[in-house]
Structure formats: C-alpha cells, structure tokens
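Residue numbers (my numbering): 4 to 262.
Beta carbons are placed, not taken as given, at the ideal position from N, Cα and C, and that holds for glycine.
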Amino acid sequence: MSVIYSLISAVLLFWHSAWDALLGDPHSLSTDWAWVLGIVFLVLTVRVALFPLFLRQLRSQQALQRLQPRFQALRAEHQGDPQSLQRELTEMYQQEKVSPFGAFLPMLIQFPIFIGLLHVLRHLNPATTDVATRTLYGWSEPQFVDASGAHLLGAPIAATFQAGGTVQLVAGVLILAMIATTFLTTRMSILKTGWSENPQQRTVQKIMLYGIPLSLLVSGLIFPVGVILYWTTQNLFALGQQIWLNRRYPATAVVTTGG
C-alpha cells in the first residue's frame, strides 16, 4: 500500500503546489484554499482517470439488462440444476462479451484509493514530531507542517467530528451532503435499470439505497474532515456524471459492449 500512499501524496502535493502558485498562498474565510482545492482536484484527477471504467460499467449494466429475458429463460430451463445453469450463463456472457462483475470494477479500484487517502490524512497529525515519519510518502517537513495545520472554514482538515466546536459544524454539514448525494446517486442508478423482480436482488437494492448512506453517517463521525471533503466532492462529481450518462445513454438505448 505504500505505493498507493506515495501516489496519492504526489497528486495532492502537485495540486497544492499548483493552486499555491496560481493564487499566491490563499487564506480567507479561515480556510487554507491551496490544500482544500488540492483535495478537490485530487478527486477530479481520480474520477477523470476512472471515467473509461465507469463508461464500461454503464455498458455492462445495459447489456445485462438486455440479457435479462435470456437469463430468465435459462433459469427456467435449468431449474434445479445450478451447475448447468452456471455453465450456460458463462457461455452467454462470453458470447456477448459481458462481465456480470463489471459494475463493481470502479468501486473496487476506488476503495484502495479511498483507504490510501484516509491513511495519508491521518498521517498528517500535528502531534507527530519524528522527522522520518513526517517525511514519509514523499512529503517534506515544511509541507507536512503546513498541511497538518490546514483548515477548512476554521476546522483542521486532519481533525475528526469528536474534536468538537467548529469541527463538528463543518464535518456535520459535509456528512449530510455526503449522505444526500450518495442516496440520490444510488436512487438514480436503481431507477435507471428498474427495481428487480427477484426478492433477493430487490433486498440488495434496498440495502444499497438506504444502508450505504446510513453507514456513511457512522463512518463520517470518525473520518478526518479532509476525507469527508474528498468523499463529498467525489459524490457531487458522481451525481453530475450519473445525470450526464443517463442523458447520453438512456435506458432504452442499445450500447455496444466491445472495446
């Protein structure tokens, strides 16, 4: 994971340096804007890099939706014979060049990035005095000191909700935004493909729609403000991306799955 930590640090430090040079060490509204914008543009860098995977995800979802009648027919034909059903489904997916796991690929790739950012921001602990620790992952000591003391609207980006005061206000607003955008994006995705008629799949959809936002309420209480800012920003980007993709590739459209 040290490679991921170093890569995330490099992107964050690049965008911080870019905004610092462009805006001239900006500080207003009790906010260190170069660091805040560094986190925001770290999100944009990740999302742009992963966009081809999200497009492939959409194509996989639409292809699977198109194959539902064949899937239902195979399930009825091989009822009570799961091995034959699995063999026929595998052949169908290979023929159509569709992966039933394609929808999860962007999520799987984002997860280590998110964990890496969480680790990097937790690493920015103002109480750390060891020079070797401060300069991990390509950080210089001045960069560490500057970042560990950075604020967003008066709340240290390395602080968590438990710090109280201004941190609770800023983190609380970000957590609510994070939950709302997660719910809206998930709901839009479910409505695009429709609620499943399969009771088990419908249960999974409900868990995704309500369970994931609820889990963010819990995890948001322990995430540093910088991580919550990252997650909220990426959710806003994801919501906008979902709206654009829905218009660009409506559910009735047939999208090829090749390439």
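#### Entry: Short Cβ contact (7 angstroms threshold) for residue 45 with residue 14
Yes; because the gap between Cβ atoms is below 7 angstroms, this pair is in contact.
### Task
Classify residue 4 as buried or exposed, calling it buried when 16 or more other Cβ atoms lie within 10 Å of its own Cβ.
So residue 4 ends up on the exposed side.
### Query
Can we say the segment 48-66 touches the segment 174-187, given the rule of at least three CB pairs closer than 8 angstroms?
Verdict: no, contact absent.
### Task
Consult DSSP for residue 143 and reduce its assignment to one of helix, strand or coil.
In this structure, residue 143 counts as coil in the three-state DSSP scheme.
### Task
Verify whether the separation of the beta carbon atoms of residue 229 and residue 11 is less than 7 angstroms.
Contact flag unset, no.
### Task
Count the other C-beta atoms from every protein chain shown that fall within 10 angstroms of the C-beta of residue 123, then say buried if there are 16 or more, exposed otherwise.
Result: buried.
### Query
Unbroken alpha helix (DSSP H) runs of length 4 or more, entirely within the segment 50-81: which are they?
Entirely contained in the segment 50-81, the alpha helix (DSSP H) runs reaching 4 residues are, in chain order, 71-80.
### Message
Mapping the DSSP letters down to three states, classify residue 33 as helix, strand or coil.
### Response
The three-state secondary structure of residue 33, taken from DSSP, is coil.
### Task
Since I believe residue 117 is in contact with residue 163 (beta carbons under 8 angstroms), could you give me their beta-carbon distance rounded to a whole number of angstroms?
Between residue 117 and residue 163 the Cβ distance is about 16 angstroms, and since that is not below 8 angstroms, they are no contact.
### Element boundaries [alpha helix (DSSP H), containing residue 84]
Counting along the chain, residue 84 falls outside any alpha helix (DSSP H), and DSSP gives it neither H nor E.
#### Entry: Close Cβ partners of residue 125 (< 7 angstroms) along its chain, the five nearest in sequence each way excluded
Cβ within range, chain order: 227.
### Task
Whole angstroms is fine: what's the gap from residue 120's alpha carbon to residue 61's?
So the two alpha carbons sit approximately 26 angstroms from each other.
#### Entry: N-terminal and C-terminal residue of the alpha helix (DSSP H) that residue 229 is part of
From DSSP, the alpha helix (DSSP H) with residue 229 extends over 228-251.
### Query
Counting along the chain, where does the alpha helix (DSSP H) carrying residue 3 start and finish?
Because the chain in this structure spans residues 4 to 262, residue 3 falls outside the shown range and cannot be described.
### Query
Alpha carbon to alpha carbon, how far is residue 32 from residue 157?
Rounded to whole angstroms, residue 32 and residue 157 show a C-alpha spacing of 8 angstroms.
### Query
Beta carbon of residue 198, beta carbon of residue 205: below 7 angstroms?
Yes. Within cutoff.
### Query
Would a C-beta distance cut-off of 7 angstroms place residue 184 and residue 239 closer than the cut-off?
Residue 239 is positioned such that its CB atom lies closer than 7 angstroms to that of residue 184.
### Top-ranked residue by Cα proximity to residue 127, from 145, 250, 242
Ranked by how close their Cα comes to the Cα of residue 127, the residues 145, 250, 242 have 145 in first place.
### Query
Can you tell which of 36, 192, 217 has the C-alpha that lies nearest to the C-alpha of residue 250?
Taking only the C-alpha atoms, the option nearest residue 250 is 192.
### Task
Kindly identify the DSSP beta-bridge partner or partners of residue 154.
DSSP, once it has assigned bridges, lists 159 as partnering residue 154.
### Task
Quick one: grab the DSSP three-state call for residue 135.
DSSP places residue 135 in helix when its eight states are reduced to three.
### Task
Less than 8 angstroms between the CB atoms is what I'm expecting for residue 245 and residue 188, so what's the real figure, rounded?
Residue 245 to residue 188, Cβ: 5 angstroms. Contact.
### Query
By the 10 Å Cβ neighbour count, where 16 or more other Cβ atoms means buried, how is residue 210 classified, buried or exposed?
The residue is exposed, with fewer than 16 neighbouring Cβ atoms inside 10 Å.
### Task
Using the Cα positions of residue 38 and residue 129, report the straight-line distance between them to the nearest angstrom.
For residue 38 and residue 129, the gap between their C-alpha atoms comes out near 15 angstroms.
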